[in-house]
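Read top to bottom, the protein sequences are chains A and B.
Position one of the first sequence corresponds to residue 436 (the numbering used here), numbered consecutively onward.
Position one of the second sequence corresponds to residue 4 (the numbering used here), numbered consecutively onward.
For reference, the structure discussed in these notes is given below.
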Amino acid sequence: MMLARVAENLYWMARNLERAENTARLINSTTHVLLDLPHGATFGWANLAEIAGLDDLFAKTYPEANEESIMRFLIEDEANPSSIFACVKYARENTRTLREVLPAEMWERINSLYLYVRQNAPAACRNRRERYMVLNEVIQQRHAIVGLFSGSMPHDDAYQLIKLGRNIERADMTTRILDLHSAISFPEDSVVREALVERIWMSTLESLSAYQTYRRLVAMHVRSNDAIRFLLQDMRFPRSVSHCLNEMETCFRLMPKSQQLQQLTALLRLKIAQHPTADLDAVALHEYIDLLQLQLGEIHDALLQNYFHAWRDGIPPSVQTQGDFEFAQQ
Amino acid sequence: MELARDEYATHTAHDELLDRALQPRAAAQPLFDYLNSLNDGELAKRQQAVDATIMAMGITFTVYSEAGNIDRVWPFDPIPRVMGRKEWESIQAGLKQRLRALNLFINDLYNEQRIIKDGVFPAEVLEGSGNFRPQCVGITPRFGVWAHICGTDLVRDKDGTVYVLEDNLRVPSGVSYMLENRQVMKRIFPEVFRTTNILPVDDYPMQLYQMLASLSPREGEQPVIVVLTPGIYNSAYFEHSYLAQQMGAYLVEGSDMVVGADDIVYMKTITGLQRVDVIYRRIDDAFLDPEVFNPDSVLGTPGLMRAWRKGNVGIANAPGAGVADDKVVYAFVPEIIRYYLNEEPILANVPSYLCMIEEQRDYVLANLDKLVVKPANESGGYGMLIGPRATPEERDKFAKLIRNDPRNYMAQPTLEISTAPTLVDGILAPRHLDLRPFVLQSDQLYATTGGLTRVAMRKGSLVVNSSQGGGSKDTWIVEDAA
Numbered sequence: 436m437m438l439a440r441v442a443e444n445l446y447w448m449a450r451n452l453e454r455a456e457n458t459a460r461l462i463n464s465t466t467h468v469l470l471d472l473p474h475g476a477t478f479g480w481a482n483l484a485e486i487a488g489l490d491d492l493f494a495k496t497y498p499e500a501n502e503e504s505i506m507r508f509l510i511e512d513e514a515n516p517s518s519i520f521a522c523v524k525y526a527r528e529n530t531r532t533l534r535e536v537l538p539a540e541m542w543e544r545i546n547s548l549y550l551y552v553r554q555n556a557p558a559a560c561r562n563r564r565e566r567y568m569v570l571n572e573v574i575q576q577r578h579a580i581v582g583l584f585s586g587s588m589p590h591d592d593a594y595q596l597i598k599l600g601r602n603i604e605r606a607d608m609t610t611r612i613l614d615l616h617s618a619i620s621f622p623e624d625s626v627v628r629e630a631l632v633e634r635i636w637m638s639t640l641e642s643l644s645a646y647q648t649y650r651r652l653v654a655m656h657v658r659s660n661d662a663i664r665f666l667l668q669d670m671r672f673p674r675s676v677s678h679c680l681n682e683m684e685t686c687f688r689l690m691p692k693s694q695q696l697q698q699l700t701a702l703l704r705l706k707i708a709q710h711p712t713a714d715l716d717a718v719a720l721h722e723y724i725d726l727l728q729l730q731l732g733e734i735h736d737a738l739l740q741n742y743f744h745a746w747r748d749g750i751p752p753s754v755q756t757q758g759d760f761e762f763a764q765q
Numbered sequence: 004m005e006l007a008r009d010e011y012a013t014h015t016a017h018d019e020l021l022d023r024a025l026q027p028r029a030a031a032q033p034l035f036d037y038l039n040s041l042n043d044g045e046l047a048k049r050q051q052a053v054d055a056t057i058m059a060m061g062i063t064f065t066v067y068s069e070a071g072n073i074d075r076v077w078p079f080d081p082i083p084r085v086m087g088r089k090e091w092e093s094i095q096a097g098l099k100q101r102l103r104a105l106n107l108f109i110n111d112l113y114n115e116q117r118i119i120k121d122g123v124f125p126a127e128v129l130e131g132s133g134n135f136r137p138q139c140v141g142i143t144p145r146f147g148v149w150a151h152i153c154g155t156d157l158v159r160d161k162d163g164t165v166y167v168l169e170d171n172l173r174v175p176s177g178v179s180y181m182l183e184n185r186q187v188m189k190r191i192f193p194e195v196f197r198t199t200n201i202l203p204v205d206d207y208p209m210q211l212y213q214m215l216a217s218l219s220p221r222e223g224e225q226p227v228i229v230v231l232t233p234g235i236y237n238s239a240y241f242e243h244s245y246l247a248q249q250m251g252a253y254l255v256e257g258s259d260m261v262v263g264a265d266d267i268v269y270m271k272t273i274t275g276l277q278r279v280d281v282i283y284r285r286i287d288d289a290f291l292d293p294e295v296f297n298p299d300s301v302l303g304t305p306g307l308m309r310a311w312r313k314g315n316v317g318i319a320n321a322p323g324a325g326v327a328d329d330k331v332v333y334a335f336v337p338e339i340i341r342y343y344l345n346e347e348p349i350l351a352n353v354p355s356y357l358c359m360i361e362e363q364r365d366y367v368l369a370n371l372d373k374l375v376v377k378p379a380n381e382s383g384g385y386g387m388l389i390g391p392r393a394t395p396e397e398r399d400k401f402a403k404l405i406r407n408d409p410r411n412y413m414a415q416p417t418l419e420i421s422t423a424p425t426l427v428d429g430i431l432a433p434r435h436l437d438l439r440p441f442v443l444q445s446d447q448l449y450a451t452t453g454g455l456t457r458v459a460m461r462k463g464s465l466v467v468n469s470s471q472g473g474g475s476k477d478t479w480i481v482e483d484a485a
């Protein structure tokens, strides 16, 4: 038995922690691939804000997209709700309301992560070397938190909600990173172009910790079609969209009154499995990704309705108005 | 380890750990042996470890200010306050006696009012009480108990006498800090727990749970217990969540619950509505139920009083219990104990002057420079006048306040409250402190082993409230040497 408000906070805590880690990974692998770019080639830093769907927000505060401004925006800017600092801060705020349902050490871990990011975010924005170290530490601390979840939390509804939040956020991020490719315009020269495309795909896989797995499971050379299929359809890879959906299905099966959510999730996974990935050009890929994000959004909305607002179905008629009033206030 | 000998040289208060010759008292001897065994600088190192631990454990409280709400780390002093078991047990008996009498008193006020009819307690005091709830008249909660949880503030005067300073019967806080302080000490000074026989404090959450469970209207079934908090911005939110966690209870906000037309309290869960049996509420009466009290409250749940009056839910502390948490009522507690229990009070009350009584008021007005003046219904040290330290303007202001509303003020002589050595800039200096034990009552009585020691960290300061720069210490009740 779990309070609807608590369930909602658990879900958002998990999403925020996952988002913080994903952003840290994305930054580290991008920085890494930059070092390998051919001379004369430039990188559009604005792409990183675009991936997160935050280009408008970024443009509002920062006159120019360069390495420094993008890093400040993605790492320490509190006005950006998806910055690492903001995510960790929200996760900590969520956790404050959840201490009674989480393992006792959880608050200490998340609080430590928060204190670490607060103290080290400025250094991480300053130069690449410190950035790598700080973000790596963020990733490691996050791993310790996930370990604590799976190792010391009863696998109850609270646990399933955390897992749901983590996987839906992860699936969402994978689609966003894929979408990056449709947003890059490559040079005309076909030799340079091919090399660059492969480099960027490598960086993409790297940012998802997928490069090694890809080479082992798919091929030595990274080609767009293979990479797209791998990141969307390969059930073995834990950050592929299909894998995340499968995890979510499992969670829903273990949750109460989840029939509709199970179906919704299974259906999307099936659609992805049947959607051909060969010969997707940039425009088609972008449209396809848009569609996937919409459908992930639908699952998210259905989950909200089903669990966080479920109590409204049981309200006796005499207090119905009160319930609606409260909802309107939230 | 070094003592602030200058400060101690001019010291006149009782020190909890050191006698007049600055030798450790018997109960504190093992502690001092241990402290003396530490190398130079070791204590400072441990102090840093304490700060880091508290930061990581996230033991915080919130201070409201114009700059927004700041989450402050709970200031903690690593030198514990030590008391022998024998002395403590006598205090414990006094605390239980007091709460037993106060509950009889509250139940009487809301029912027959025998104590007024018998001329022991003046009707005017009740009429002027800001915390008497007419909505509670005629109700007798289970066991006749209204104040299930009491935080009693104790201080020790120069001559060693322990006095009750006030009885907090509304929503007393601080017990989580008592529990966490012990955890911090165990992490930082594990060695000393081997050499000293320190009585454990950690049975409180279990006792609290049992007390709350005994209030459940559905006997024989596993009760659903919730802790009702005003939310994350309340200064005691840390404690609300801590206690819920320790008890395995649900931490709810007012909007997480609804009361049906069936006068039953439900909470909103992921699978629908679920019945609630017992509410440990940490919000004031006034905000509890907008149907009955403050209609603008968004913190409470409409209908709670309906459900409680019908006996469909247990509420601790019961609405209206605060009637006995009033500094004017306080003055009558020794009489209340004699009246209901036919016993002599075990714990002393500070002599009190009631401004509602003319000759006592005249005395107060003539001696404002010597007295502490307190408003009847405030808590947290707000709205007080400490006469000897006040400016003539402040005293004039209070004289006016007293004349305008005499029922609302009482005065007491300034006690020279005791001190204990406290780590200040690397040396041990005397700092004033008090003690807040927590007492529980349902069908049984329980008092914590020790309590929360609060210490005024600033030199000479008497204000120990965390909202005003106070800190805290672990409190050790130790076996007396044979």
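Using N, Cα and C, we set each Cβ at its ideal position, and we do this for glycine too.
Since this is a predicted model, take the numbers as computed values, not measurements.
Between the alpha carbons of Arg611 of chain A and Ala239 of chain B lies a gap of roughly 41 angstroms. The beta-carbon of Ser587 of chain A is placed no less than 9 angstroms from the nearest beta-carbon of chain B. Of all alpha-carbon atoms in B:Leu254, B:Val279 and B:Ala252, the one lying nearest the alpha-carbon of Gly263 of chain B is that of B:Val279. Interface flag for Lys692 of chain A against chain B is set, since a Cβ pair is found closer than 9 angstroms. A straight-line Cα-Cα distance of about 31 angstroms links Asn237 of chain B and Glu604 of chain A.
The alpha carbon of His17 of chain B has as its nearest neighbour, out of B:Leu455, B:Pro424, B:Pro293 and B:Ser445, the alpha carbon of B:Pro424. Assignment of Ile57 of chain B by DSSP, reduced to helix, strand and coil, places it in the helix class. Bridge partners of Asp80 of chain B according to DSSP: B:Lys476. Val676 of chain A has its alpha-carbon roughly 32 angstroms from the corresponding atom of Glu623 of chain A. Taking a cut-off of 8 angstroms on C-beta distances, the segment 48-60 of chain B does not touch the segment 449-464 of chain B, as fewer than three cross pairs fall below it. Less than 9 angstroms separates the beta-carbon of Tyr207 of chain B from that of Val178 of chain B.
Per DSSP, reduced to three states, the secondary structure at Glu540 of chain A is helical.
For the pair Ile635 of chain A and Thr712 of chain A, the CB atoms are not nearer than the 9 angstroms cut-off. In the three-state reduction of the DSSP assignment, Gln138 of chain B falls in the helix class. Where Thr422 of chain B is concerned, the enclosing beta strand (DSSP E) starts and stops at Thr422 to Val427. Scanning its chain for C-beta atoms nearer than 6 angstroms, with the 5 sequence neighbours on each side dropped, one finds around Arg566 of chain A the residues Ala559, in chain order.
DSSP places Ile519 of chain A inside the alpha helix (DSSP H), whose first and last residues are Ile519 to Arg531. With a threshold of 9 angstroms between beta carbons, Met270 of chain B makes contact with chain A. Residues of the same chain with a CB within less than 7 angstroms of the CB of Asn110 of chain B, apart from the 5 flanking positions on each side, are Thr143, Gly147 and Trp149 in chain order. A Cβ of chain A is located within less than 9 angstroms of the beta carbon of Ser244 of chain B. With respect to the C-alpha of Gln95 of chain B, the residue from B:Arg117, B:Phe441 and B:Asp287 having the closest C-alpha is B:Phe441. By the 16-neighbour rule on beta-carbons within 10 angstroms, Glu183 of chain B is buried. Residues of chain A with a Cβ closer than 7 angstroms to the Cβ of Val255 of chain B are, in chain order, Leu438. Contact annotation, Val229 of chain B with Gln277 of chain B: C-beta distance approximately 10 angstroms; criterion of less than 8 angstroms not satisfied. Pairing Leu699 of chain A with Arg460 of chain A gives a Cβ-Cβ distance that is not under 9 angstroms. Within the same chain, Leu461, Arg611, Ile612, Asp614 and Leu615 come within 8 angstroms of Ile486 of chain A by CB-CB distance, once the 5 residues on both sides are set aside. When CB distances to chain B are screened at a threshold of 8 angstroms, the residues of the segment 538-562 of chain A falling below it are Ala539, Trp542, Glu543, Asn546, Ser547 and Leu550, in chain order. For His656 of chain A, the closest C-alpha among the options A:Met436, A:Val632, A:Asn457 and A:Cys522 is that of A:Val632. Annotation: Thr451 of chain B is outside any beta strand (DSSP E) and is labelled neither H nor E by DSSP.
When the beta-carbon positions are compared, Leu509 of chain A and Arg527 of chain A stay at least 9 angstroms from each other.
With the criterion set as a beta carbon lying under 7 angstroms from some beta carbon of chain B, the members of the segment 727-748 of chain A are Tyr742, Ala745, Trp746 and Asp748, in sequence order.
By the rule that beta-carbons nearer than 9 angstroms mark a contact, Ile340 of chain B does not touch chain A.
Excluding five sequence positions before and after Ala442 of chain A, the CB atoms of its chain that fall closer than 8 angstroms to its own CB belong to Asp592, Ala593, Leu596, Tyr742 and Phe743, given in chain order.
Taking a Cβ-Cβ cut-off of 7 angstroms, the neighbours of Ala247 of chain B in chain A comprise Glu535, given in sequence order.
DSSP assignment within the segment 264-299 of chain B yields the following whole alpha helix (DSSP H) runs of 4 residues or more, N-terminal first: 288-291.
Contacts with chain B at 9 angstroms (Cβ-Cβ) do not include Thr648 of chain A.
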